[in-house]
Amino acid sequence: MTTDPFRTAELRSAVLNAWERSPARFREDANTEEDHATGYYRDRVIVELAQNAADAAARAGVPGRLALRLVEDDSGTRLVAANTGAWLDADGVASLASLRASAKTAPAATLAPSSVASSPTASLTASATAPPTAQVETVGRFGVGFAAVRAVSDEVTVSSRSGGVRFSLAATTAALAPLGVLTEHVAARAGTVPILRVPFPAPAHTGQLDTAPAASSDVDLASYDTVVILELRDAAAIAAVRDQLAAIDDTLLLALPALASVHVDDDRGHRELSDVGARWIAVTRSGVAPAEMLRDRPVEERSRAGWTLTWAYPRDLDHPGRPLVDQVVRAPTPTDEPLSLPAILLATFPLDPSRRHVADAELTRLLVREAGEAYAVLALGVPEPLDLVPTGLPRGRLDGELCAAAEDALRRAPVVAGQLAQDTVVIEDEVSHALVTALEPTGLGVVQVDRSRRAAIRRLGAQMMSLADVVDALPDGLRPRQWHDLYDALAPYVADRAVREALTAILVPLEGGGTARGPRGLVMGPALRAGRIEGVHRVHPDAAHPLLLRLGAVPDDDPAVLGLAAVELAARRVGDELLDSDVDARDAPEEVEALYGLVAGVARENRVGPDGMPGWLGDLPLPSDEGVWQRASELSWPGSWADEHLDLAAVDAHGIDVLTAEVARVVGVRFDLAVREVSHETGRLDEDETYPGWADYDDYLCAVLGEHRRIDQMSIVADLDVVADDSWGAVLDAFTRDSGLRRAVLAPVRAVHDAAPGPVPREEEGLPGQALSYTAWYLRDLFGAPWAATASAADDVGLRSVLPPVPDELAEVADADLVRALGGVASLHDLAQLLTTADPATWFGFFDGLRDGEEYQGGAHERGVGRVVPMPVARIVWAAFERSCRAGLELDPLPELVVAVQGLSARIVAAEDVLVTDGPMWVQVRAVVPVVDPESVAAVAAALDCAVADSSTVTVHGDLDPQAPSTEHPVPAWIPALVPGLPATWTEHTELSVDGRDVDWWVSPDSAVHVRAGAPPAARAQAFAQAAGRWGDRYLIELALRDVTRSAELMAERVWDERR
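For what it's worth, the numbering used here labels the leading residue of the sequence shown as 33, then goes sequentially.
Right, dumping it as structure tokens:
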């Protein structure tokens, strides 16, 4: 027989009497229950059963266990929920049968904390951790959650070891039947009556299986204290329960910490949830709200001033139990408040009457602030704190407040490598972990954050910088080894233009202390340890790295180190101090030793010679055997060829410790005739180009090649100005034997390209595109080239008439190419080649040598003015000179002697006595320099500073005797047909003179032809040819004049000339 320990009969009677007295109360209770079942709690039956189980465990002070079983058999489908904890009592039954009168208002017992409250916070700050034991309050606060069972069931049984209670639609309907006053109301509701207000007794739970026939044998009910059985109403109810069972996950245990485990057994299988702390990181905060914050809450809520909140985050993001998206705030069971933060929030927020939304109350704002602080603590305990930073748009009012509170707290928390985000720098570019590690000692706060978290750290105030900007911001203060590690980490990024530009100004620690801004000009390597060079800064050995070399630092054994301005300045400074001072009075300073040590390192590692080395190396001071500090380039090495044949003092080889023959060669000490390879731009003199006569040679190159032409490489033989007078034979022998020396003489110089914009000289303007080597030019000037290289007078072809004999020093040179390069002329062809270029020096040498020529095939070897020059030689001279003048030849000084036509021969004539003309008639009255091209007359005259022949300035006299009048003759008609351009008449004079000199013919300015009577036919032919401007046809005219009968023949032959 079923007992009634909870006095359900009294409760039923009270309710039925109240309804009978007031049918409106019946309707009110019915509507309220229906609202809960179909509205506020329609989908919360599992959650509410779990919440009741948690509250029972909390009141009993034991770990809660909940078993949920979906049972299907012939009698229908039931949901069985068994839990441990406090037994059902009379107050509990009264609470279940009331609208809003919860029995859970007393303080809860002290519970041993579940794993949720302790283990997740073990590594977090103490203020946020749960204590060893926690006062776990009950969750149910309103006394209405049990109404959720009405959403799926009309028959509900709750059996505990202390007794049971049943709520039944059928039994309640039967109890209402005798109450006639309610009959109409019951009928109007179509059978839907408030069954939870009418409890009936039920058997107690004895722990035996037969007491709960709906339970499965898979669930050991004996170990549970209370069993709830819901007979599911219909298919919709069954589907709803199935969905709610399937949705159970870790969040249920997180929301209800009094529950240690949940067993679920349905048609999908069996599963158990427990040990939630092993899968979640959680932070819990709790406290007591001030009374003034609760004034706007219902009375029963004001007695519950304590609050608690928990944030939870999965330990394994790949298997969090449920993705942390589309979340809601739990209070602590789910509400309809959306949550965009990527963690679970469970808090005792005050709810509005719907129990689905958080109330806008002072307590809510307190919890929001506390939630923000707790969220920051949670971030410190997760693997990637930045994953918790809110970066999207809030999904609601409460969500926006929570996001703002969380962001504010995160800004004040050291969530980025133990630092506040605002104190950190994130490099925008992708960089290595090694670089970030190397940047740690700089204090810039550089952290490595992958791109997916950049928005988060930026939101917290981190500074975003490019790698180039980070390099620019690097501070001083690192140890040299730390700089080395930083250079090593930066090296992979040097190809980036902006980074490379920033790296050029990176700080570099120096040996001896201090730093330099940028590596350019710094020296790396050990060679300087032998001594210090003032102004030359060396990278600290612990900081030395190949990156610095790429950025402009120079290895101390690289030839480029000698090109550093600081090294040159040091060399010139010690030169100023030591040169020309006595060696005995000044020991070699340490800086001199260091400089030579630097040179020794370069020489040792690169096997270099003086070629390509800076010119100032030759100015380094060395002690000489004469006891004076002298320039290295002014000394010879003891016992060398140079020591024997050059007028140079020898080096005191023991005066500098590191001075070896190898080092001496590099600094320019002479061992033999040295060949230097140089580049040059014509018209531009470099201070390093200190070869004798170099400025004059540059003038020569400008004349031959043009100005601003680049010569990439030419070979130069140095020291020709210090050859001993009796050593020229040895020098010339060396030129013959040594291929390098010989090439330096013979190889012509060619311009490769223009060094500056401007007109480029052309070969047709008289510039052949190549010039003499410096060595050949210098020796030609030295030995008075050009000179006749014919072996004897018998071999001469007239060259000795215009050229001096071979110099004594060159008499034994047998190499024809060398002789020619040094200015020797052995043939007419050589002479033509020599005079090809518009070179003032060559022409000066030629004109200057005219006084030293010999009378051609003459016995007296008359020298100077009047000497006859063979016409083949003269014609070469005149043609070459005209061509050079047309190319712009300028002579300074002007020649004193020239080769001119005088009468019927070529002679050496004083320049002041000649005229320049293209008119052959002038040879009858003056010595002239003949010009073939009329347009070249002015240029030739200008070059010689001579007058141009002008017939308007002379006096022509014909037939001074009045008794012998001149006769005017017509030009035969057939002659103009043969040679066009002739005047119609010509005048024959008994006598004809020009400026007092008798002439055979003359052409006046008006092209009138005058011929002396009795002059040979050739004279009249010459006059006609010049008048017609066709000097080349004079012989044709002469033939026609001598034999009139041949006119037709000559005209026929002339056809072929015209066709050509």
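We put the CB at the ideal spot given by N, CA and C, even for glycine.
Ranked by Cα distance from H861, the first of A873, V829, L850 is V829.
The beta-bridge partner set that DSSP reports for P962 consists of T949.
Judged by DSSP secondary structure, M746 falls within the beta strand (DSSP E) whose first and last residues are 741–749.
Beta bridge pairing from DSSP links F199 with V188.
A direct Cα-to-Cα measurement between V963 and A906 gives close to 12 angstroms. Secondary structure note for I270: its alpha helix (DSSP H) is the uninterrupted segment 267–278. Approximately 13 angstroms separates the beta-carbon atoms of A575 and P473; this is outside 8 angstroms, ruling out the contact. Within the DSSP bridge table, the entry for S656 names V683 as partners.
Rounded to the nearest angstrom, the gap between the Cα atoms of T70 and Q276 is 16 angstroms.
Following the DSSP letters along the chain, one finds Y345 in no alpha helix (DSSP H) but inside the beta strand (DSSP E) bounded by residues 338–346.
Exposed is the label assigned to Y1067, since fewer than 16 other Cβ atoms lie within 10 Å of its Cβ. By the Cβ rule, the region 55–74 counts as touching the region 216–229, because three or more pairs are nearer than 8 angstroms.
The DSSP-derived three-state label of M645 is coil. For H1042 and L1014, the gap between their C-alpha atoms comes out near 13 angstroms.
Taking C-beta separations shorter than 6 angstroms and ignoring five residues to either side along the sequence, E609 has no partners in its chain.
With respect to V900, A932 sits apart: the two C-beta atoms are not nearer than 8 angstroms. Contact between G855 and A817 is confirmed by a C-beta separation of about 2 angstroms, below the 8 angstroms threshold. With a threshold of 16 other beta carbon atoms within 10 Å, D517 meets it and is buried.
Out of A664, D679, D758, P233, the CA that lies nearest to the CA of V695 is found in A664.
In this structure, DSSP gives W1006 a helical state, which the three-state scheme calls helix. Residue range 1049–1060 is occupied by the alpha helix (DSSP H) that includes P1049. Look at Q662 here: in three-state DSSP terms it is strand. Of the residues D482, V957, D299, E914, the one whose Cα lies closest to the Cα of D1030 is V957. Straight-line spacing of the CA atoms in I270 and E52 works out to 35 angstroms.
Taking the Cβ atoms as the reference, L499 lies roughly 18 angstroms from V540, outside the contact range of under 8 angstroms. Comparing alpha-carbon positions, the option among P780, E394, Y345 lying closest to L378 turns out to be Y345. When Cβ pairs closer than 8 angstroms are counted between the two stretches, the region 672–679 is seen to touch the region 700–719, the count reaching three or more.
In the same chain as A727, and ignoring 5 residues on each side of it, the C-beta atoms closer than 8 angstroms to its own belong to L717, in chain order.
Within 10 angstroms of the beta-carbon of D753 lie fewer than 16 other beta-carbons, which makes it exposed. For W875 against L831, the beta-carbon gap comes to about 16 angstroms, at or over 8 angstroms, which does not count as contact. Shortest Cα-Cα distance from V897 to any of D588, S771, L929 involves L929. Taking the CA atoms as reference points, L850 sits about 8 angstroms from T768. Residue state for V969 is assigned as helix, using DSSP reduced to three classes. In the DSSP annotation of this structure, T316 is not part of any alpha helix (DSSP H); the continuous beta strand (DSSP E) holding it starts and ends at 312–320. In the DSSP assignment, D105 falls outside any alpha helix (DSSP H) and lies within the beta strand (DSSP E) extending over 96–105. In this structure the region 450–460 touches the region 487–498; the number of beta carbon pairs closer than 8 angstroms is three or more.
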